[in-house]
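Colleague: Each residue of the sequence shown is one higher than the one before, starting from 256 at the first, in the numbering used here.
Think of the CB as a built atom: it goes at the ideal place given N, C-alpha and C, for glycine as much as any other residue.
These numbers come from a predicted model, not from an experiment.
I'd like to ask some things about the structure below.
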Amino acid sequence: MVVVTQPAAGDFKAFTSTCTHWGCQVTAVENDQIICRCHGSRFSATDGSVILGPATLPLGPKAVTVKDGQLTLG
Ligand code: FES
């Protein structure tokens, strides 16, 4: 599964939604951070990097494009 963010208007990013800590699904995007509530890891909504552990590896990026107002993954 994938989590899609919009760090700036019209700038969409997508990442795997599987947390790199123990594999829970991330469940929220708040204040430009992607959040895994299993153990509290937080990732950048811009580049998927770890902001707060216990995760140590970033969320992997996924390709996302916007055309005619529609998001396409892959
Ligand atoms: S599985 Fe996400 S913080 Fe542990």
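#1: Throw me the rounded Cβ distance for the Val284 and Ser296 pair, which I believe falls under 8 Å.
#2: Can you tell me whether Ser296 sits near ligand 1, meaning its C-beta is under 7 Å from at least one heavy atom of the ligand?
#3: I need the straight-line Cα distance from Val258 to Ala264, nearest angstrom please.
#4: Can you pull the DSSP bridge partners for Asp266?
#5: Would you call Lys268 buried or exposed, if buried means 16 or more other Cβ atoms sit within 10 Å of its Cβ?
#6: Report whether the distance from the Cβ of Pro313 to the nearest heavy atom of ligand 1 is below 7 Å.
Modeller: Inspection of the coordinates gives the following:
#1: Contact doesn't hold; Cβ gap of about 13 Å is too wide.
#2: yes
#3: 17 Å
#4: Ala263
#5: buried
#6: no
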